[in-house]
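*Asks:* Residue numbers (the working numbering), protein chains in the order written: chain D, 13 to 435; chain U, 1490 to 1771; chain L, 15 to 307. Note that the Cβ used here is the ideal one computed from N, Cα and C, for glycine as well.
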């Protein structure tokens, strides 16, 4: 008796998956398929709300496939390799999009861009740096972030800071004061490597300038150059003076942020997404935390802002190009969508029609900082081709583990990067 | 068995063993206690470094959130729909092939057996792209079918290995007697050999169920919409671009490991017996 | 009779072989095809580069590091849980009270998924407030802040410990089964003959457990390949590739650097190594069969 019923259960469970499994095509006609990496409690919920607005406005249904950030990289590549990219997918503007454009896997959106007058909608610095590849438009900026020196307001006030350090010497003096008070001046959570890149980016940008950095990122300049060595030497100096927390490679970026939030440390160089994280933990922008720009180092070097742009792109072989273009246009043009999304993500909108008043105090300042900057540069792993980025990111963690090896590490990287550029 | 023996007098040797086991058990339980602690704390508490302290109050919000979510119910259902058939099919296929290798060997059967068993030894990422193309061509992407099929196929090596070894312990005389009486090979397998092999089947069922249940690579690649996702994808996707809901992840992970624990407890009786007999001939 | 057997061989083998061939063997070989190309995954166009990818492996520093790590991982991830499991099984086999409860406790970790095991051990190794450093600080009375997972010397071994914790239960259960099969009178005879407990273990119990060991090792090998999930979650191959394994190296090259061709070449080499290992395993197996079979 029990045997029979158990077998019955088994057979039943075998039969159920057959229902609804015979569907041939993934997308129904009229539908637009999309894969994106906006997961987690905040990301997915907010994204769904914006998608609902699009569906309501146009009647076009979206078929969504959310995949966590890291797994997304695998998933999208397998689907590209399998000739089955979704109509629309999120991707990181910069060298990664360049790579897919060069592989002929993206659909240019110049006509849609012109027809919808996006020139008048998207802030020019972001549009210039993030959307143009080989002379054509391929991407709309869904949101972007800015990396700045985020700090604990109370800790820095206790250390006597009245105005943010404007020069490198002032910055060093501030660190010295903090260290004297027994507080770790700077946290760095480089367990997953990428948080370290902002230091390299800014030190290089502030000393050698945006033009030199662009050359290094594209392989025209070399890691054996004096400019790179100088930037790394300044970074090493900070380690030697003991301004960084110990065990930076053991911390995730959230651990580093938590240390600042708890007041054990003073500041961390991080992207604006930290505001979303801190707000979620109950910190008040402007009151508990704030940020200042990475200080000026060498006079006469153009002031650059660093950050990533989350973009939306259309696959070259998209099944529903018209619907996909409508989606991209709507998501970037609709000021309501942009404002809501930026707020949920702790991000900035590239849409000029978004009222800055919709941001909190800190984000308003971030938007103003980017607007005042002379250049907008992508952070390291989005600025240089993926094989080179892998080499560089590993270099950073190795350097952090033992800064005294800076020269040896750099020599190794110069060789490895040269090889990687040839891939 | 130990449990059925009459109680013996106090014995310093067994008292020592008992103490050692207690210490080891505590050590073994600590990490699991960590999961438990994370599930009854808020994400905020965990991010403040208060994971390992005893909770001031019992926070059940994570469990409420997980167990009350219709998406999670769907994940559980999907995982079950993948795991049960894939477990059953891989064991069935393993039993069929294992029977031939054990009872009907032929020239080259050992080499064939070796090739199949070698199938356990490569990282699955190697066949991601070709399999995706294959299933895409069959129109099966974003259904549970590819996940079931791949797990069934990848389970064949271990099932063949175990079943062959187990069948080898069933005396050949039994098979020959049955054949003499006019039974077909199929009847020998299903009526004579398999009933004797229930323990081995239980072993494989437990192992395959646990492995397939906990896998997330294949459902990640082959399913796309949320209502086709499995529980492990649900856990992974709790990690956002810039945030992780630690507490919810802990609660969901605990809930997700219950079925595999139940399967083990259920099959445990057979399991021991299965290993005894199956292991006899490597 | 021979015809009868042939019919049944074909009838019973065709379905398993078809499934295995179509969904395992064929994809495996078709991925080998890409190892002779410079395919990047996205581009429909690619060209053949002959053995260039294999030549590159010879000069790849990270490949060598990953090969060494894979060897360490495979050996340790097989030996440690096996030895620990055997020890637990011997302890539990001595008719201790509460054996059933102990058994379940030691088996429990296997039920947890890689995601959560990786996470919880990351929290144990956390340098500031992690469980391990807290305990060490309590015992030694000094501040202790070693970053277990962030130091190249300890990263791989720290994950191996976590892995052994999870896998020990499985080998324990199998050894327990093997032990119950050893006749009690045999051991009694040995005792009467004056064999010491160690001699009894070494000369009688261990050889009789050889078949169980074969099963344990087979399962450990499969499992240790799955264990790369945990390694990936806990260290991601870091710090700076010091805990990379070949599978992870292949993944990085294919999916992070977009070098599908080179990644495929790595997997071909990995497969050849695996074939060599399994060849050895089978030779060993036959020896066991000859001696105890």
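Looking at the C-beta of residue 1616 of chain U, does it have a partner C-beta in chain L at a distance below 9 Å?
*Replies:* Chain L, which has a Cβ nearer than 9 Å to the Cβ of residue 1616 of chain U, makes this yes.
*Asks:* Do the region 1632-1645 of chain U and the region 56-67 of chain L make contact, defined as three or more Cβ pairs closer than 8 Å?
*Replies:* The answer is no - the region 56-67 of chain L does not touch the region 1632-1645 of chain U, with fewer than three Cβ pairs under 8 Å.
*Asks:* Between D/79, D/102, D/145 and D/422, which lies nearest to residue 321 of chain D when the distance is taken from Cα to Cα?
*Replies:* Among D/79, D/102, D/145 and D/422, the Cα nearest to that of residue 321 of chain D is on D/102.
*Asks:* Given 8 Å as the limit, is there contact between the region 1713-1728 of chain U and the region 1565-1573 of chain U, that is, 3 or more CB pairs closer than that?
*Replies:* Contact between the region 1713-1728 of chain U and the region 1565-1573 of chain U is present, because at least three Cβ pairs lie under 8 Å.
*Asks:* If you measure beta-carbon to beta-carbon, which residues of the region 241-252 of chain L are closer than 9 Å to chain U?
*Replies:* Correct list: 242 and 243.
*Asks:* How big is the Cα-Cα spacing for residue 10 of chain D and residue 434 of chain D?
*Replies:* Nothing can be reported for residue 10 of chain D: it is not among the residues displayed for chain D, which extend from 13 to 435.
*Asks:* At the level of alpha carbons, what is the spacing between residue 119 of chain D and residue 281 of chain L?
*Replies:* Cα-Cα distance, rounded: 32 Å.
*Asks:* Any idea if residue 18 of chain D is buried or exposed, counting beta-carbon neighbours within 10 angstroms, 16 or more meaning buried?
*Replies:* Low confidence applies to residue 18 of chain D: its pLDDT is 41, below 50, so where it sits in the model is not reliable enough to give any reading.
*Asks:* Who are the neighbours of residue 1565 of chain U on chain D, taking C-beta pairs under 8 Å?
*Replies:* Result: empty, since nearest Cβ-Cβ is about 13 Å, beyond 8 Å.
*Asks:* Less than 9 Å separating the beta-carbons of residue 1575 of chain U and residue 1641 of chain U?
*Replies:* In this structure, residue 1641 of chain U lies closer than 9 Å to residue 1575 of chain U by Cβ.
*Asks:* Any beta-carbon of chain L closer than 9 Å to the one on residue 111 of chain D?
*Replies:* So, interface residue.
*Asks:* Does residue 34 of chain D come out as helix, strand or coil in the three-state DSSP assignment?
*Replies:* For residue 34 of chain D, the pLDDT reaches just 35, beneath the cut-off of 50, and the residue's location in the model is therefore unreliable, leaving the point undetermined.
*Asks:* For the alpha helix (DSSP H) containing residue 171 of chain D, list its first residue and its last residue.
*Replies:* First-last for residue 171 of chain D: undefined, no H or E at that position.
*Asks:* For chain L, check one thing: does any of its Cβ atoms lie closer than 9 Å to the Cβ of residue 149 of chain D?
*Replies:* It does not; no Cβ of chain L falls within 9 Å.
*Asks:* Is the region 389-405 of chain D touching the region 165-184 of chain D, taking contact as three or more C-beta pairs under 8 Å?
*Replies:* Touching, no.
*Asks:* Of all the CB atoms in chain D, is at least one closer than 9 Å to the CB of residue 268 of chain L?
*Replies:* Taking Cβ atoms only, chain D reaches closer than 9 Å to residue 268 of chain L, which makes this a yes.
*Asks:* Quick check: the Cα distance between residue 376 of chain D and residue 133 of chain D, rounded to an integer number of angstroms?
*Replies:* Near 19 Å, if we compare the C-alpha coordinates of residue 133 of chain D and residue 376 of chain D.
*Asks:* Report yes or no: is there a C-beta of chain D within less than 9 Å of the C-beta of residue 1758 of chain U?
*Replies:* Output row for residue 1758 of chain U: interface = no.
*Asks:* Give the residues from the region 41-68 of chain D that approach chain L closer than 7 Å (Cβ to any Cβ), ordered along the chain.
*Replies:* Going along the region 41-68 of chain D in chain order, one finds no residue with a Cβ nearer than 7 Å to chain L.
*Asks:* At 9 Å on the CB atoms, spell out the chain U contacts of residue 325 of chain D, in chain order.
*Replies:* Ordered by position in chain U, no residue passes the 9 Å Cβ test against residue 325 of chain D, which lies about 17 Å from the chain.
*Asks:* Residue 73 of chain D touches chain U at which residues, Cβ-Cβ below 7 Å?
*Replies:* Those do not exist, as residue 73 of chain D stays about 12 Å from chain U at its closest Cβ, beyond 7 Å.
*Asks:* My output table needs one value for residue 1672 of chain U: the three-state DSSP class, helix, strand or coil.
*Replies:* Residue 1672 of chain U falls in the coil class under three-state DSSP.
*Asks:* Just how far apart, CA to CA, sit residue 1657 of chain U and residue 285 of chain L?
*Replies:* C-alpha separation (whole angstroms): 29 Å.
*Asks:* Output, in sequence order along the chain, the residues in the region 1572-1584 of chain U whose CB is closer than 8 Å to any CB in chain D.
*Replies:* So the list reads 1573, 1574 and 1577, given in the order they occur along the chain.
*Asks:* Taking buried to mean at least 16 other C-beta atoms within 10 Å of its own C-beta, is residue 83 of chain L buried or exposed?
*Replies:* Buried, because 16 or more other Cβ atoms sit within 10 Å of the Cβ of residue 83 of chain L.
*Asks:* With DSSP run on the structure shown, which of helix, strand or coil describes residue 436 of chain D?
*Replies:* The requested residue 436 of chain D does not occur in the structure, where chain D is confined to residues 13 to 435.
*Asks:* What residues in the region 270-284 of chain L bring their beta carbon closer than 9 Å to a beta carbon of chain D?
*Replies:* Taking 9 Å as the Cβ-Cβ cut-off against chain D, the residues of the region 270-284 of chain L that qualify are 270, 271, 272, 273, 274 and 276.
*Asks:* Does the Cβ-Cβ distance between residue 368 of chain D and residue 247 of chain D come in under 9 Å?
*Replies:* Going by C-beta atoms, residue 368 of chain D is not nearer than 9 Å to residue 247 of chain D.
*Asks:* Should residue 1727 of chain U be flagged as near chain D, meaning a C-beta pair shorter than 9 Å?
*Replies:* Residue 1727 of chain U counts as touching chain D.
*Asks:* Pull out every residue of the region 109-133 of chain L whose Cβ sits closer than 9 Å to any Cβ of chain U, in chain order.
*Replies:* Those would be 109, 110, 111, 112, 113, 114, 115, 116, 117, 118, 119, 120, 121, 122, 123, 124, 125, 126, 127, 128, 129, 130, 131 and 133, in chain order.
*Asks:* Might you give, ordered along the chain, the residues of its own chain that have their beta carbon closer than 7 Å to the beta carbon of residue 1759 of chain U, omitting 5 neighbours on each side?
*Replies:* Correct list, in chain order: 1687, 1688 and 1691.
*Asks:* Any C-beta of chain L sitting closer than 9 Å to the C-beta of residue 416 of chain D?
*Replies:* Cβ-Cβ to chain L under 9 Å: no for residue 416 of chain D.
*Asks:* Between residue 1732 of chain U and chain D, is any beta-carbon pair separated by less than 9 Å?
*Replies:* Yes - at least one Cβ of chain D is within 9 Å of the one on residue 1732 of chain U.
*Asks:* For the region 115-129 of chain L against the region 1515-1526 of chain U, do three or more pairs of beta-carbon atoms, one drawn from each stretch, fall closer than 8 Å, so that the two count as touching?
*Replies:* A contact exists between the region 115-129 of chain L and the region 1515-1526 of chain U.
*Asks:* So what does DSSP say about residue 281 of chain D, is it helix, strand or coil?
*Replies:* Residue state, collapsed to three classes: strand.
*Asks:* For the 8 Å Cβ check, are there 3 or more pairs between the region 65-79 of chain L and the region 159-177 of chain L?
*Replies:* No, the region 65-79 of chain L does not touch the region 159-177 of chain L.
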